[in-house]
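Written below as structure tokens is the structure these notes are about.
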Amino acid sequence: MKRLYIYLLAFLLPVCSLAQETVIIKRKLTGDVKEHVSVLKSDNKIREGLYQAIIGSKNALASGKYTNNVKTGVWSFYDTGNHLVQRFNYTTNTLLYEAPEDTTSNCRYLVDRTLSDTDHTTKPVIRGGRFYGYIPYLKLFRLPPDMRDINTEVVVTTIELLVSPGGRLADYVVHFQAQNYDRKVSFNIDLLSEEDKTFVPATINGEPISCRIFIRCFLTAGGDLDLY
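As numbered in mature numbering (1 follows the signal peptide of the UniProt record, and there is no 0), residues -19 to -1, 1 to 209 make up the sequence shown, in order.
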């Protein structure tokens, strides 16, 4: 028995020595969203272990795991009411679940084709779901200097994304509308990561097709963009 214990100890020691110590870093993503990221203690630029994005004081928007800076395994994504909106397996690159949308959704979809009652359609889907998945677009937004005095309480703000049949983001603009006011501002999509520009494309009867996504959002008093 003693000899077996020694053999097991000799086997486990190299394995244990490979484990690296991690620490949790907390930082702000948007005004109301913070992320808790597990990183290597020896190099806080390398994400390793559990990840959570939290809105407010407790509601999760995203939870999953990193392995050497890469998302792995099944991630779960939620809306602001803590309802599950998506599950995605990053190891197999598979969409496991996407919650259906109803008339209360802040997203609308438009294709440049007349649809019949018999057409079967699917919408474009971004990894991360309908809230967390669009946070990178909020972070890219910058209010033009000549709009800093705009009345944020009356302007209607909408994000418009154009997704190609190949599932690639082709355009990103923000519309600002109010009485006697209509303006559109474009943003450089090259500043987004490849993941943030990749969608499951929309389809009609199984054929991939380009689609525009319109997302209702709002301007904060500080001039940032945020989602409802």
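In this text, a Cβ means the ideal position worked out from N, Cα and C, and glycines have one as well.
For residue i, the nearest candidate out of the options (CA to CA)
| i | options | result |
| --- | --- | --- |
| Leu206 | Phe112, Ser44 and Ser174 | Phe112 |
| Thr201 | Arg123, Val106, Thr53 and Leu142 | Arg123 |
| Thr138 | Pro117, Ile116, Val166 and Gly114 | Val166 |
| Thr3 | Thr73, Thr103 and Asn50 | Asn50 |
| Glu141 | Leu96, Asp100, Asn87 and Gly110 | Asn87 |
| Ala80 | Gly54, Ile107 and Val136 | Ile107 |
| Lys104 | Gly148, Asn169 and Phe157 | Gly148 |
| Arg193 | Gly204, Asn70, Arg164 and Ser145 | Ser145 |
| Lys120 | Gly37, Lys7, Trp56 and Leu208 | Leu208 |
| Phe180 | His64, Gly203 and Gly109 | Gly109 |
| Asn186 | Arg94, Lys26 and Leu42 | Arg94 |
Helix, strand or coil at residue i according to DSSP, with G and I counted as helix
| i | result |
| --- | --- |
| Glu176 | helix |
| Asp127 | helix |
| Asp163 | strand |
| Tyr113 | helix |
| Asp60 | coil |
| Asp152 | strand |
| Ile(-14) | Note on Ile(-14): pLDDT 44, under 50, position unreliable in the model; the coordinate value appears next. The answer is helix: DSSP assigns Ile(-14) an H, G or I state. |
| Val181 | strand |
Start and end residues, alpha helix (DSSP H) containing residue i
| i | result |
| --- | --- |
| Ile96 | First, the residue type needs correcting, since residue 96 is Leu and not Ile in the sequence shown. Run containing Leu96: none; DSSP gives neither H nor E here. |
| Lys120 | Ile116 to Leu121 |
Residue interval of the beta strand (DSSP E) (run including residue i)
| i | result |
| --- | --- |
| Ala80 | Segment: none, Ala80 is in no beta strand (DSSP E) and carries neither H nor E. |
| Asn70 | Leu65 to Asn70 |
| His101 | Where His101 is concerned, there is no enclosing beta strand (DSSP E), given that its DSSP letter is neither H nor E. |
| Tyr90 | Cys88 to Leu91 |
| Pro189 | Glu188 to Ile190 |
| Asp24 | Asp24 to Ile36 |
| Gly45 | Asn40 to Thr48 |
| Asp205 | Neither: Asp205 is in no beta strand (DSSP E) and is coded neither H nor E. |
| Val135 | Premise fails: Val135 is in no beta strand (DSSP E) and is neither H nor E. |
| Leu21 | Val14 to Leu21 |
| Ile6 | Thr3 to Lys9 |
Exposure label - residue i; buried when at least 16 CB within 10 Å
| i | result |
| --- | --- |
| Asp127 | exposed |
| Asp24 | exposed |
| Tyr32 | buried |
| residue 216 | Outside the displayed range of the chain (-19 to 209) lies residue 216, so it cannot be described from this structure. |
| Val20 | buried |
| Ile196 | buried |
| Gln67 | buried |
| Tyr47 | buried |
| Arg129 | exposed |
| Ile5 | exposed |
| Leu150 | buried |
| Leu96 | exposed |
| Val155 | buried |
| Glu176 | exposed |
| Pro125 | exposed |
| Val18 | buried |
| Gly203 | exposed |
| Glu134 | exposed |
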